[in-house]
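With the numbering used here, the residue at position 563 of the sequence shown is 578, and numbering never jumps. All C-beta atoms, glycine included, are put in the ideal place defined by N, C-alpha and C. Inspection log for the structure reproduced underneath, given as structure tokens.
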Amino acid sequence: MRYVSGILYLAATDLSNYLGCKHLSQLDRAVANKDLAKPDWFDPALAVLAKRGEQHEAAYVEHLRQKGLTLVDLKNKPTEETVKAMAAGVDVITQATLSEGVWTGNADILLKIPGTSRFGDWSYEVQDTKLSQNTRAATILQLCLYTDLLERLQGHTPWKMYVVKPGDDFPTDEFLFTDFRAYYALIRKNFETVMLGPALNIYPDPVAHCAICRWWKHCDTRRHDDDHLSLIAGIRTAHRQELQHQQIDTLEQFAQLTLPLPEKPKRGNAEAYVSLHDQARIQWEGRVQDKLLYKTLAPEPGRGFFRLPEPDKGDVYFDIEGDPFFGSGGLEYLLGYAFQDDTGTLTYRAHWAMDVVTEKKIFEQFIDVIMDRWRRYPNFYVYHYGIYEPGAMKRLANRHSTRADEVDQLLRAERFIDLHMVIRESLKASVEHYSLKDLEKFTIYQRQIELPTAGACRRALERALELNEVPSLSNDIREVVERYNEDDCRATQALHLWLEARRSELIASGISIVRPESKTGEASDNVRDIQTRALALFKGLTAKLPEDRETWTDIHKGKWLLAHLIDYFRREDKSAWWDYFRVHEMDREALLEERKGLAGLEYIGPVITPAKTKVPVHRYSYPPQEVSMDEDDELHEVKGAKIGSVYAIHLSRYTIDIKKTAKTADRHPQAVHVMERIDPGALVTSIMDLANDIIEDGLDNDWPHRAAKHLLLKKKPRLLTPIDGPLLSPQEDPGQGAIRLALQLDKSVLAIQGPPGTGKTHTGADMILALVRAGKKVGVTAVGHKVIRNLLEKVLEHAAKQNLSVSCVHKVTDKSETPTAGITEVTKTEEAIQALGQGKIVGGTAWLWADKKAAGTLDYLFVDEAGQMSLSQVLAATPSAHNLILLGDPQQLEQPQRGAHPEGSDVAALTYLLDGHQTIPDDRGIFLGITRRLHPNLCTFTSELFYESRLKSLPGLENQQIHGPVPFTGGGLYYVPVEHEGCQSRSDEEIAVITNIVETLTSRGATWTDAEGVVSPLTKNDILIVAPYNAQVSGLREKLPDVRTGTVDKFQGQQAPVVIYSMTASSTEDAPRGMSFLYNPNRLNVATSRAKCICILVASPRLLEPECHTIDQMKWANALCRFGEMATRVEL
């Protein structure tokens, strides 16, 4: 930014900086106004990069010139010259100045394309030349600004924007402006409002941008001068705000309190403040005494020093250097480890990778070294600092589909020892950060490489990786990074020795601390047999594939995908076990943040249950925390065994009823967590059998398993009477067309996509009844029994209307206490198969249909919610049926899965068939394009964002409106901003506002009109409240017990005239499970599309201007910002 004649002019970089830190924008304004000098900060590598960037741009321009295009260079020319060049129709305009109002920018290239603009039958799009192989979020923001400015100059909106990278023929990334426009527009508007107003006094609270900011030292100095609360190790924003609310503003002030807090905290758990108080106290004491201090905590079995095994000569000290911005998934470019050689000398080894192919090789080499060392030294362990290393091992095993069994055994045997966890559970230290660099100061180890030097070399190396310029990287830089990694490995060993000394001191003082039990981690014989077969099948499918992927046919691609689908269930199973052990070892404070766990349980008493319950049910209270548990979830005691299962959970009362086992009837746990693992069982065998048949018979051979092969190859539906072009005839009713196509299906796959309110379940039920009339055997499956039951109930409902007598059977694990009339529950596979022979419709999960007893028993298998069911599960179920009908909508809730999967094997079945489209092409399946729920204003938002503008409202839905003396009338979107700080999974501020909204809507005589024009009083029964987190749901139910309130997951399929969506979190940094959960477009679609008349978004304004670090995050934020753009803003 810069001042010219008293006017502040802004650029794209200023917009990116504003997102990173509001304080930074104020500092930059002060510099522009000459009120503050720039910090003395210079990176010589940036000058080199700028030169290389100019060379890359020049090479690309010459490439365009060689194509015969006309060019003009407008470097340092005003915007008027850019307009003249566009008016003249020049093919390529370089260094084009674009400006409008206070905004200016220089686009690398404007490229002429066919189209319409104010200049004629042509227009321009923006291209930016970048050295990096991975496009950053800041680049997209810059492109959006240039595209926006270009739109204003040419009178036409550019549809696309491009990033041109170095390489043969200059590979180009293509982006849709509409995927980012709303996000960009809102950020720009807010930034202009702030910067064109008076200067603001914003405190430099620490944010993620600090790590790369030139002002870091300036702000850090101020925080230290102020003795800011952020200096307390481990403190969070919510904690700081609670302390400030209680008039505690400095570390010293907090440390000198006798009690942690004068009052009961409104945010956070009281125990967290006790821990923070102890931390502040030792930091203050260390400051006063001017030396490093530590204080050991009371030892607790299973934690802290109890985690340390007996030191062994075979022990390894491990550290990784990685670049998260390399390519699309990052790169672990250096795996370093230290170990004692045969002479007892600590020796260091490093494995380097500068590309993904080599990453796989060094990962295999490292795991092979570790496994060999384990064989030589049975009591060895791998020590590391922090959770990154074992997490990276799991990611690499899944990403490259190699050494997963070895990693699994290492994890089962608990061979990775995290010294960071040991320290946090063992002691408090007078440090601001519990990093290795801070804690190693307690040891005698001295680093070879100074940290600033190491940091500069790491940045240079990672820059070379991202720019594909590794060959130009000097050996000196690699040497410094390797020495830095060696320092980390040796420092880890030194810290281990220091911790052993502290442990010995405690034992000498009379405290008993036992070593953990040594485990082998060996898999069962059955698991080893499956591993052997999976490897053989993988080789059989991939052995004859051409090395050059560019030559692969659909058959080759199908075999490659199937080869990676074989191990899908084992990868999911391993991830479930890995997650189980992660939570199983958590301490109380960490468990309070874990939604699948509960800490602080207090026994209340027994629960009176139906007489047939043979084991006791006990009720426990728990402190407020985010929790996600369902009835019948299996519960394990933390660091213990199975305790029972969830009988009921009462979110608004913070109580849980646990159904005990005979062995645990007298046990009262303090902390429990869910065991989410489900044995894949028959699914594994079935998909392996399918793979074996494909190896023997060929994927291009239609028989056997034609439907499965058609699904794998994404073939168009095969019909008895073939159709070229769209599957539905012009003006044909989609429901009737679906029945016609189902009856015509010739051992193939038919997909039906049903957006909100379009009658997907209705359509499925009518199809099933038509097939039953035709004498077909029909089965139903889905990811869960609730979905299966819902479709079966809809079948019975439609059968009654059609005077058709049908019977349904549902194969379940345990029979319901109150079964649905007309649906017989059975628990044995044989009973379900027998029912098919009696002409009954049978429902069951994929496990039923994957069973060999079910093979070939169905004419049709309906897969409901196929956008949530993995391709692997569907394929495992296909041997049971000749034809597959996939019902669902991938734009709503996604498939639940745990693990990372290679080569696209993580995809849901219906998502796979959509092949990158938001909606299914009309020659590939049926798109139900008329919603019978959404007011046209709601439908416009939903259709534009999620359905390629193909979804329309049924005529008459425009009648659905709210009327009365209330701020929310008519039909459409509303946004109510609520300011709050530090809220994570619960916001009392939003709860208060929503309570006010509900009372306003229901107490002032408001009415709502339905599609038929019937007017009714608006009551609490007409309102649905949705929140992303259960803790917020609990708070809302406390205040509004008679209003339907729940999470997005619970309300799919429901609807109401008014929907209120509470976003809850104060900012992206506060959001539990991050942006990928809170901003997930599928969840936003489900939440907003429950509404018939109006949808009211209640949210912190900061959620509509998040700092996005990736392109995916920008796309997620764009959907929410588009809501804000289209909504009527109401201030309450």
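Own chain residues within Cβ distance below 7 Å of residue 753, not counting five before or after:
767, 778, 782, 941
Leaving out the 5 sequence neighbours to the left and right, which residues in its chain are closer than 8 Å to residue 139 when beta-carbon positions are compared?
101, 108, 125, 126, 127, 128, 132, 165, 169, 173
Following the continuous beta strand (DSSP E) through residue 87, name the residue where it begins and the one where it ends.
Per DSSP, the unbroken beta strand (DSSP E) holding residue 87 starts and ends at 86-88.
Going by DSSP, name the residue or residues bridged to residue 208.
According to DSSP, which records beta bridges pairwise, residue 208 is partnered with nothing at all.
Between the alpha carbons of residue 302 and residue 445, how many angstroms are there, rounded?
Annotation: residue 302 to residue 445 spans about 8 Å, alpha carbon to alpha carbon.
Where in the region 308-361 do unbroken runs of the beta strand (DSSP E), each at least 3 residues long, occur, reported from the N-terminal end onward?
309-311, 331-338, 346-355
Within 8 Å, strictly: CB atoms of residue 688 and residue 589
no
Touch check for the region 1086-1104 and the region 920-939: three-plus C-beta pairs under 8 Å?
no
Name the residue from 990, 895, 1026 whose alpha carbon lies nearest to the alpha carbon of residue 1111.
990
Please name the residue, chosen from 264, 347, 122, 315, that lies closest to residue 5 on a Cα-to-Cα basis.
No information on residue 5 is available, as it lies outside the stretch 16 to 1147 that the chain covers here.
Does DSSP put residue 370 in a helix, a strand or coil?
coil
Among 67, 228, 190, which residue has its Cα nearest to the Cα of residue 38?
228
Cβ neighbour criterion (16 or more within 10 Å) applied to residue 1105
buried
At which residue ranges does the region 181-256 contain complete beta strand (DSSP E) runs of 3 or more residues, listed in the order of the chain?
187-191
Three or more C-beta pairs under 8 Å: does that hold for the region 877-884 against the region 711-723?
The region 877-884, when compared against the region 711-723, does not touch it at the 8 Å Cβ threshold.
First and last residue of the beta strand (DSSP E) that includes residue 897?
896-903
Hey, residue 1063 and residue 1101 are a contact pair by Cβ (cut 8 Å); roughly how many whole angstroms apart?
Going by Cβ atoms, the distance from residue 1063 to residue 1101 rounds to 5 Å, so yes, they are a contact pair.
Could you pull the start and end residues of the alpha helix (DSSP H) that residue 822 belongs to?
In this chain, residue 822 is not harboured by any alpha helix (DSSP H), its DSSP state being neither H nor E.
CA-CA distance, residue 341 and residue 176?
Spanning the two alpha carbons is a distance of roughly 22 Å.
Cα separation between residue 1079 and residue 149?
Residue 1079 and residue 149 have their C-alpha atoms spaced approximately 33 Å apart.
Which runs of the beta strand (DSSP E), 3 residues or longer, sit entirely within the region 808-864?
Counting only runs of 3 or more, we get 823-826, 838-841, 856-858.
Is DSSP giving residue 458 helix, strand or coil here?
coil
Whose CA, out of 1053, 1035, 1103, lies closest to the CA of residue 1066?
1103
Report, in whole angstroms, the separation of the C-beta atoms of residue 352 and residue 504, which I expect to be a contact under 8 Å.
Taking 8 Å as the upper bound for CB-CB distance, residue 352 and residue 504 are in contact here, some 6 Å apart.
Name the DSSP beta bridge partners of residue 713, please?
Note: residue 713 sits in no beta bridge, so no partner.
Would DSSP call residue 986 helix, strand or coil?
coil
Tell me residue 992's beta-bridge partners as DSSP assigns them.
1114
Is it the case that the Cβ atoms of residue 702 and residue 581 are separated by a distance below 8 Å?
yes
Should residue 808 and residue 835 be called a contact, given that it needs their Cβ atoms to be closer than 8 Å?
yes
Starting from residue 1054, trace the alpha helix (DSSP H) in both directions and tell me its first and last residue.
Here the alpha helix (DSSP H) through residue 1054 covers 1045-1054.
Would residue 500 be called buried (16 or more neighbouring beta carbons within 10 Å of its own) or exposed?
buried
Can you check which of these residues, 189, 347, 937, 890, is closest to residue 143 by C-alpha distance?
189
Where does residue 344 land, buried or exposed, given buried means 16+ other C-beta within 10 angstroms?
Around the C-beta of residue 344, fewer than 16 other C-beta atoms lie within 10 Å, and the residue is accordingly described as exposed.
Beta carbon of residue 848 nearer than 8 Å to that of residue 821:
no
Just curious, the beta strand (DSSP E) that residue 922 is in, first and last residue?
Segment: none, residue 922 is in no beta strand (DSSP E) and carries neither H nor E.
On the three-state DSSP scale, how would you describe residue 652?
strand
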